[in-house]
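Just so you know, the protein sequences line up as chains B and R, in that order.
The first sequence begins at 1 in the UniProt record's numbering and counts up one residue at a time.
The second sequence begins at 1 in the UniProt record's numbering and counts up one residue at a time.
We treat Cβ as the ideally placed atom computed from N, Cα and C, and that holds for glycine.
Note that the coordinates shown come from a computational prediction; the quantities given were computed from them, not determined experimentally.
This report concerns only the one structure given below.
There are 2 protein chains.
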Amino acid sequence: MTSPRIILLAHGSSDKRWCETFEQLADPTLKAVDNARIAYMELAEPSMDTVIAQGVAEGASDFVIIPLFLAAGRHLRKDVPAMIKELEQTHGANIHLAPPIGENPVLGQAIRDVVMMQLEQAPS
Amino acid sequence: MTSPRIILLAHGSSDKRWCETFEQLADPTLKAVDNARIAYMELAEPSMDTVIAQGVAEGASDFVIIPLFLAAGRHLRKDVPAMIKELEQTHGANIHLAPPIGENPVLGQAIRDVVMMQLEQAPS
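Here it is as structure tokens:
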């Protein structure tokens, strides 16, 4: 059995700057994890559908979606699970939805580090 | 001159679980930084108005708002700056809007760490 493919799921926006920020956020993970990809829930490409279709074409069947969201709202409680159900049927894939990154205590510690860096700068 | 008060700004939601996640995310910062507070942009209390009014009543005049957002969209580019302008006039305070936490490279590294932890668990 091969390990599941990691998909970092961002919300997406028609604003390119939004997507660029998420690409930078994803970059350390994409460099560290083989075959990891970023995908957008809406308004930007690649979509989950695109990324999963590509993975299946390359022989993958198991995917883990890790939401680049700080908390779970309507999107992660309703919209994304419904999209996943449909994607599983369309592509014959197993797709596991992980908790949003913000539910991991590592994020709270990172936020504290960011605030500490901010405090060392004079407000501009 | 006293150092500015730190306000961690979350989006807010009528869903209590959403706010609880942000309170947990804010916790390490609130423990590490004197007089730091969390505030919500909308749909939850305390609002920015509440937190700044309280700070001013306690003698503070300078505030730094650090958005607990992964990227800057319409809210941080338009809505929040407009709210800040109004709050500055209402409360006679100086309010500096910092970049969203997601623009700091520390966050991308934290995401990689979260993914690594996720990979060590079998998908449930």
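Close Cβ partners of residue i (< 6 Å) along its chain, the five nearest in sequence each way excluded
i              : result
R37 of chain B : I7, V51
P46 of chain R : A39
L30 of chain R : A36
Bridge partners - residue i, DSSP secondary structure assignment
i              : result
P67 of chain R : R:L9
R37 of chain B : B:I7
D62 of chain R : R:N94
S14 of chain B : DSSP output for S14 of chain B lists no bridge partner at all.
Short CB-CB distance (under 8 Å) between residue i and chain R
i               : result
L107 of chain B : yes
V59 of chain B  : Reading off the sequence, residue 59 of chain B comes out as Gly, not Val. Not an interface residue.
T2 of chain B   : no
V64 of chain B  : yes
L76 of chain B  : no
V51 of chain B  : no
E120 of chain B : no
M117 of chain B : yes
G73 of chain B  : yes
Q32 of chain B  : Reading off the sequence shown, one finds Ala at residue 32 of chain B, where the question assumed Gln. Output row for A32 of chain B: interface = yes.
Close-in-space but distant-in-sequence residues of the same chain around residue i (CB under 7 Å, 5 per side omitted)
i                      : result
residue 154 of chain B : It is not possible to answer for residue 154 of chain B, since the shown part of chain B is limited to 1 through 124.
S124 of chain B        : Residue placement at S124 of chain B is flagged as unreliable, the pLDDT there being 46, under the threshold of 50; a coordinate-derived value is accordingly withheld.
E23 of chain R         : I38
Neighbour flag for residue i against chain B, beta carbons, 8 Å
i               : result
D113 of chain R : yes
M41 of chain R  : no
D79 of chain R  : no
D27 of chain R  : yes
A110 of chain R : yes
V56 of chain R  : no
Close beta carbons around residue i, own chain, < 8 Å, minus the five adjacent residues each side
i               : result
H96 of chain B  : P4, D62, F63, V64, I65
V56 of chain B  : H91, G92, A93
V80 of chain R  : L9, M41, I65, P67, L97
A71 of chain B  : P100, G102, E103
P105 of chain B : none
L76 of chain R  : P67, F69, L97, P100
L87 of chain B  : M48, D49, I52, A93, I95
Inset, instruction - May I have a chain-ordered list of the alpha helix (DSSP H) segments no shorter than 4 residues that lie completely inside the stretch 67-124 of chain R? - result: Counting whole runs of 4 or more residues, the stretch 67-124 of chain R contains the alpha helix (DSSP H) stretches 80-91, 105-120.
Inset, instruction - Scan the stretch 3-14 of chain B for residues whose Cβ lies nearer than 9 Å to a Cβ of chain R and list them as they occur along the chain. - result: Residues S3, P4, I6, L8, A10, H11, S13.
Legend entry - Near-chain B residues of the stretch 84-105 of chain R - C-beta to any C-beta below 7 Å: The residues in question are H96, A98, I101, G102, E103, N104.
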